[in-house]
Amino acid sequence: MSAAVPQTDPASHAELVTLSIDGVEVRVPKGTLLVEAAKTIHTDIPVYCYHEKLGPAGLCRICLVEIDGMPKLQIACNTVVADGMKVHTRNPRVDDGRRAILEFFLLNHPLDCPICDKGGECDLQDYAMAWGSGSSRMIDPKTSKPKAVDLGPTIVLDEERCIVCQRCVRFDQIITREESLRTEDRAVQTIIATATGKPYVSDFTGNVTELCPVGALTSKTYRFRSRPWDNHRTTTSCTQCSVGCRMHVDERGNTVLRTMSVPEDDALSDSWLCDRGRYNVGFVNDERRLTMPLLKQDGAWVQIDWADALDLWAEKIKAALAAGGPERIGAIGGGRLLNEEALLAAHLHRALGVENLDHRIGTQTLVHHGSFANHVDLENANTIITLGRPPSQLAPVLDLRIRKAVSRNGARLISAGDYAADSFVPETHVTTPAGLKDAIGANPGRVAMIWDGVFFEGGPELTAAMHDLPAATRVDRYVLPETPNGRGAEALGMIPRGAGLGTGAMFAAARDGKLDVLSILGANPVLRYPDRALAEDGLRATPFVVVTDLFLTETAEFANLVLPVCSAFEKSGTTTDLAGDVLPVVGSVRPPDGVLADGDLLVELAERLGVTLPMPDELEAKVRELVKTPPADGAVPAYVRATAAAPGGALRVIADAAIFTGGGTLAFDTAIRELHARPHARINPATARALALADGDPVNVAGDNGTTLYDLVVRVDERVAEGAVALLDGVVRAPLNALGRAPAVRLEKVPVTA
Amino acid sequence: MSTTLITPVLTKGIGELNLREIAVYREQGGYEQLRRAVVELSPKDVADICNGSNLRGRGGAGFPTGRKWSFLPKDAKTRYMVCNCDEAEPGTFKDHMLLEETPHQIIEGILIGAYAIGCDHAYIYIRGEFKRGYEIMRDAVQQARDAGFLGENIFGSGKKLEFTIHRGAGAYICGEETGLLNSLEGKRGEPRLKPPFPAIKGLYGEPTVVNNVETLAYLPYIMRNGPEWFAKVGPERSPGYKVVSISGHVVKPGNYEVPLGTTIRQLIYDCAGGLRPGRTFMGVQPGGGSSACLFEEHLDVSYDFDSVTKAGSMLGSGAMVVFDDTTDFVKAAYTLIRFFSHESCGQCTPCREGGHWIQKTLERILAGGGVDSDVDVIKSAAHQLTGLNLCALGDSIEPFLASVITRYEDQFRAYIKRTPAPAVGAAS
Amino acid sequence: MRKNLFNVGALVRGMSTTFSYMFKKKPTVEYPSVKKQHAPRFHGLHELRRYADGKERCIGCELCAIACPANAITVIGAENSPEDRRSPGERFAARYEIDELRCIFCGLCEEACPTDAIVLTPRFEMADYRRGAFVYAKDRLLVPPEAGVGTPPDERPNGIPADLGGVFRAKDTVDIAEGYDATHRGHILKTQRRGLTLRQAKGDDGRPGEIE
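Residue numbers (my numbering), protein chains in the order written: chain L, 8 to 761; chain F, 64 to 491; chain P, 367 to 578.
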C-alpha cells in the first residue's frame, strides 16, 4: 500500500506522449496516469479510492475505462499513459462496468442520505445519480454495522456508510506517516479502525473527513449542524498559525460552522489543514465574547459606551504625552492582528513619538529573519535542519512538507539541540556541534534550516557547522513565528527601534513606575511572556492599561479598559505567513453587534489624537513593500533559553509548544475542549528512573520561585536530555511562565489517594 | 485401472522411503543437482535448462517459469525467491503431501531456483494450517543447514544462500502472490495493486520471484534428466508431469502424478478408480474451486493447460473434484461461494460486495425463501463482478457457479419452488 | 306602454328565477359561526407527526426546506443523545420553523419528507395581529405526545378535524361566544370576542344565529 505517487509534474518530464481519449487527442507528459490525463480535457472519470495526493490504490474499481487492445476493462487510476493509446471513457461496455460497481457499492450502503452530513456533497450520491439504478436487486436485508463509532476526540465513524476506499488509511500512511488507521477484519465485514485500538489522535485528523468520499467519517464539531446547501462559503487564509493555509469557511446564519481545505492550494497547505485550523472555530459564537467596552471601576467591570472608551484612551495618551513624553507610553501586540492593523498601530504610535512597540510576547527574538523561500522550496530541500521547537509544534502543516520531503523526495532530517523534530519520519537528532557537522556531511545539497526564533545558550557554537557549508550551498532559512502574523507585525514596525523598549523592558519600566499608558492589542502576555510575575507586576503598576481582545483573557483581567474586537473571521485584510508572503484574509461573518476591529479602533483613536493615518489605498502597497523588505541584522536577543544544567539536582525546563495550548480563542472554544493538551512533563528515562517516575504518573512541578504547577502527567521520552524536563507552554491551568524566566524545577509525584 | 499412466517423479518413493531424512534423500541422488548447479554451472545455465524444459507454473496460472524469471531487472542488486506453499485452493492437496513427505526435494528446488535468479535469500511461505508440514520443513532445513547446503559458503563454493521459513496465518488470499508478499513482510495479507509486478517491486520493494512448491520441486529432476526429458512429455506447449489431486465422488481419491495430456476420463476412471458403483457422472472441476465445472462431453479433453482452457475451464493447481448424481449443486455452489466470500480480503468492491450478495441469495434459496428472479440475479451478479477485480479471487466466483447454473438450473428452480432438491441419483 | 305590457311575461320569468332561489338552501355560510366543508385534499396548517412510541418522526434532514419554493422552512439539526432520544435515528430537528405567511401551502414539503413527518392538515384559521406569530416553531407544529401520532398524509380527513369538534357541516352552527380553539388543540388561537354575541339558532334549518 505504500505505493509511491507517480510524479506528474510536467516540468520534470519533458517527454510528451500522445494518446486519444474518447477520440480527442491528448498530449501529456510521460508517466501521467490516465485519470489525470482525462482531466486535461475535462473528461470526468469517477473515482473513490484514487486521490491526487494519495495516488492510486485500485480498490474501488469505479474508474473503469476501455483501452483498445486490452481484453478487460482497465482502471484509469493505475494506468500510465502510453503513446498511441486509444481510451474510451464512455461506451456501453464501460457504462455497464461502472453500473455494476455502483450496484455493488449500494448493496450494503445505508439509505440515510437525508441525515448524512455528506449528503449533497457526496461522491457516492453523485455517481449513483449517474450510474446507479433506481432500485436494488438485492432483496435481502443490508448488512448492519455499528453507526456513530467514536474514533477519537474529533472523528465519528459510521461503519455502514464506509465503502473501504482506504483514503483515510492511506492519508495516515502516506501524508502524515503516523500510520494510526488501518482496516480491520475482512470481506464484507471490513472496517476502519485504529491500529492500536486507542482513540485516533493526530494533529491532522480532520482531513480524513474531507478525503472520505462518503459520509463515513464525520467531524464531531460539524455533525448534523447543517446541510451543504445551507452554507455560504468564503475563501480566506487561516490565521491560527503562521503557515496561513488557504481555507474555505462555511457559514450559516452568521455562525462559522466549519472550515475546509482548498484542494488547489498546492503552494501553502498542499490541500491539508491541521486540526486547529479546522476545529478552532467555535469561539466565534461563544457567549462569553465581549460585546461592550469594559471599564474597571473600583475593582469591578462597568460597561461603557464606545465613544467614552475611545475618548478615555485618547485622553490618557494625551495626558501621558503632556506629563512625561512618549517614552511613558507603550504598545504590545500585533502578532494576532492583520497586516493593516499592525501597520496602523505602529504608524499611530510612531507619529506620537512612541518607540516602545513590540509584537513579541513570548520567547522569540526575531521572526522577520527568514529568507523568502516558500513551502515548495522546503519540499525540494535535500537536508532539513530544525533548531528549537520543531514545526510539528508551531506550524503543523509545514511539518507535512518535511514528512513529504523526507519520505518521498529522500531528504535528510536533522534536529539539533534540545528538541527532536517529531515528524514521524527518520531523523538524526544531534546535540553537539560535532554531531551536527557529521550529520550535515560533506554534500548537503540544498539546505533548509527551520528555527523557532529563540536564542539559547550554546546556540552559536552548536550551529557553527552552518557556516562551514560549501560555498555554493543554497540555504533557505525559515523562522517560525509564535503568533500567526508575527512576521508581518515585525516587518510593519511593531518592534522597538532606537531607544524603544521591548516587551520585557516595558514591563520592567512599568513596574518601576516609568510607564503611564500601555496598550495591548490582541495579545496575552500574562500567559505567554516568559516571566509571568514580571508581566503581572508591570501591568499592575501601569496606571492605564488598555487591552483589546475577544474575551476577558488573563491579561485583560489586569486592564483598566478592555475593548471587544473582531475575530479574524469577521474582518478583511491581509496577513503575512512565515515565508514572508502577504495572504488575503476575507471576513465571512458579521461581528457581534457593537464590536469593532482593531483597525477601526486605531482609526478612531488616531482621529482623537490628531494623527493622520495612511489612506486605505496606500495601505496595501505599503504593507507589501515593508513585508518584502529584508530586516536589518543584529538584533539583541530578547530572551535566551538556558541550556546549562540546573543547580542542586533540580531539572532545567524546556518549553514545549502544542497547537492546542493557549488562552483566548482556544480556551474559550467549548467544542474542542477534548483536544486541549493535558499538560505533560517529558523526561528522559534516566531521569525517570532516578526520580522513580513512570510514564503516566501524575506529578506536580515545583519551581525555584515558589510556584508549583499541579497535576501534570509524566511522559518518558528518550529524546529529552538528561537533567531536563519539557513542559507545555501556554496551558491556562498550568502556565509554564509562572515558574519564571529560567526555572529550575523539581518533580513531585502526586500520591494516589485511595 | 491402468497404472502405466502414473509416472512418479516427485512422488517417487513416497510411502516407501522416509524421504524426510536427508540421508535417505541423498541416497536417491538428492542435493546432487544443487551441488552441480552451484559448483559447476552459472545461474544463466540453470535458467536456460529451466527455459528449455518449458516448465509452466504448477500453482494455478500456468505461467512459464523461465519467462517469469526473465522479467527480473538485470541490474537489480537484491532479488528474492519466494516459494508459495500456501496451498488453500479447495480440492488441492498436492503441496501438502510434498511438504510433509519430501521436504528436501522442495528445499533443493528452491535453492536451485534461487541460484538461477541470482538471489541469496529464499523464503518459503507455508500455510498456517500445515503445522506438521512446517515442523517437518523446519527439521529438514536444519538438516540441510548442518550438511552445509545452505547458509554461508555452500558446497565450499563461497556462495551464500539463506533460507527462511514463514508460516502464514490461514488466509486463502495469501496464496495470491502479492498478498503473500505483504503477509511475508508482516503486513495485512492483501493483494497489491499491479503494476508494479513482483518481478519489478516485490518483497521489501525488491525484485522477487514467487513460484509454487511443485514447480520448484521439478527443478532437480529437470536438471538431472535434462530439459528435453521434461519437454517431450505431453503436449508441446504445456509439457511435463503434474501431480493431480483427485477428490470427490471417486473410489480412490488421492494424488496422482501423470504426464500432462492424459485425458480427464483416464484420470477419473483409470487412476482414481472411477465413480462409486451405480452412480452417474455429473461433472468435474478440473482445477480446484476456482475452475468452471466440466461435464460428460468434456471427459475426453486432454488434461493440460491449453486444452482445459479451451474447454471453458482451467487447469489451475491441478485439483479435480468429481461430482456424481448425488450432488446437490445448489449446496455445492453455496459452499464454494461462501468460501470465496469469506476469504475476500475486503479491499476491492466487486469481490467484497458481490460475493457476499451471491452468498446471501444462495443462503436464502437453500432456506426455502428463493424467488424466481434469484437465478437470474445471481447469474448476472456473478457475471458482472468478473474481470473488474484487483486480484484473481473475485474472478474465481463466477466460473463454477455459472457453469452449474447453466447446466443444472432445474436444481436451483426446484429449491425456489420449495420442492425438495431433485436428488437425481437417488431416483434412478 | 303596450310594449311594456307585452314584457310582463319577461318580468314574471325573471322573478320566477328569483323566487325559485328564495326557497332553496343558501350557499353562503356565516363564517365563522358556520364552516364549510373542505375539499378532500385541502392544504392547510402544517403538523409534525410522531411515531406510536412518541418519538418524533422528523429527522431534521432539511429536505422540506430545500424543497420549499417559498423558502418558508428553517431546520437546524442536532444529534440525539442516548439520554434524551427525540427521534429514532441519530439526527433530530433541534429547530423546525415554518413561516406560515411565506408558505404557499403547495405541499412540496410533504412530498419531500422521507419519514412522512411534516404533513399539511386542513386547519386554516391562524389569524393574528402580529407577523411574528406566524412563524410556527416546533412547540406549535409538533403533535403533543398525548394527542397521538398526527394524521398520516394519505388519511387526510374530509373536512375539519375531529378535534375541532367534529366535521362541521353547513347546517351546523356553533356558538363562538365562548371562543373556541381555532386551529390546533389549544395551541394556536382562541377566537376573540369582539363585542358581538352570537346566539345559536335552534333547529336544523341551517340559518345563522341572529346578531343582537
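Don't be surprised by glycine CBs; every beta carbon is placed ideally from N, CA and C.
Beta strand (DSSP E) segment containing residue i, residue limits
i, result
"Glu225(F)", "Lys222 to Arg230"
"Ile447(L)", "First-last for Ile447(L): Pro440 to Ile447, but that is the alpha helix (DSSP H), not the beta strand (DSSP E)."
"Asp148(F)", "Residue identity check: residue 148(F) is Cys in the sequence provided, not Asp. Here the beta strand (DSSP E) through Cys148(F) covers Tyr143 to Cys148."
"Gly710(L)", "Pro705 to Gly710"
"Phe358(F)", "That residue, Phe358(F), is in no beta strand (DSSP E); it is neither H nor E in DSSP."
"Asn437(P)", "No beta strand (DSSP E) holds Asn437(P); DSSP gives it neither H nor E."
C-beta atoms of residue i and residue j nearer than 8 Å
i, j, result
"Arg494(L)", "Gly587(L)", "yes"
"Met585(L)", "Ala402(L)", "The sequence given here has Leu at residue 585(L), not Met. Yes, the Cβ-Cβ distance between Leu585(L) and Ala402(L) is below 8 Å."
"Leu66(L)", "Ile181(L)", "no"
"Ala503(P)", "Glu463(P)", "yes"
"Gly580(L)", "Val592(L)", "yes"
"Arg689(L)", "Asp711(L)", "no"
"Arg174(L)", "Cys56(L)", "yes"
"Val763(L)", "Leu754(L)", "Nothing can be reported for residue 763(L), as the shown portion of chain L is limited to 8 through 761."
"Val572(L)", "Leu557(L)", "yes"
"Arg648(L)", "Phe463(L)", "yes"
"Asn346(L)", "Thr636(L)", "no"
"Ala427(L)", "Val437(L)", "no"
"Trp458(L)", "Val486(L)", "yes"
Buried versus exposed, by CB contacts within 10 Å (16 or more), residue i
i, result
"Asn85(L)", "buried"
"Glu543(L)", "buried"
"Phe389(P)", "exposed"
"Ser436(F)", "exposed"
"Asp138(F)", "exposed"
"Phe134(F)", "exposed"
"Met136(L)", "exposed"
"Phe402(F)", "buried"
"Arg310(L)", "It should be pointed out that residue 310(L) corresponds to Gln in this sequence rather than to Arg. So Gln310(L) ends up on the exposed side."
"Thr227(F)", "exposed"
"Ile146(L)", "exposed"
"Asn288(F)", "exposed"
"Thr439(L)", "exposed"
First and last residue of the uninterrupted alpha helix (DSSP H) at residue i
i, result
"Cys175(L)", "Arg174 to Arg177"
"His405(F)", "Phe392 to Glu406"
"Ser226(L)", "Premise fails: Ser226(L) lies in the beta strand (DSSP E), Leu224 to Ser226, not in any alpha helix (DSSP H)."
Where residue i sits in the DSSP three-state scheme
i, result
"Trp420(F)", "helix"
"Ile468(F)", "helix"
"Thr470(L)", "helix"
"Gly311(F)", "strand"
"Arg189(L)", "strand"
"Asp519(L)", "coil"
"Asp315(L)", "helix"
"Ile77(F)", "strand"
"Ala751(L)", "strand"
"Gln329(F)", "helix"
"Ala503(P)", "coil"
Min CB distance residue i to chain B below 8 Å
i, result
"Arg230(L)", "The displayed structure is made up of protein chains L, F and P, and chain B is not among them."
Item to check | Interface residues of the stretch 138 to 156 of chain L facing chain F [CB-CB below 8 Å] | outcome: Residues passing the 8 Å Cβ filter: Arg144, Met145, Ile146, Asp147 and Thr150.
Checklist entry - Using a Cβ cut-off of 7 Å, which residues of the stretch 104 to 129 of chain L contact any Cβ in chain F, in chain order? => result Cβ contacts with chain F come from Gly104, Ala107, Ile108, Phe111, Phe112, Leu114 and Asn115.
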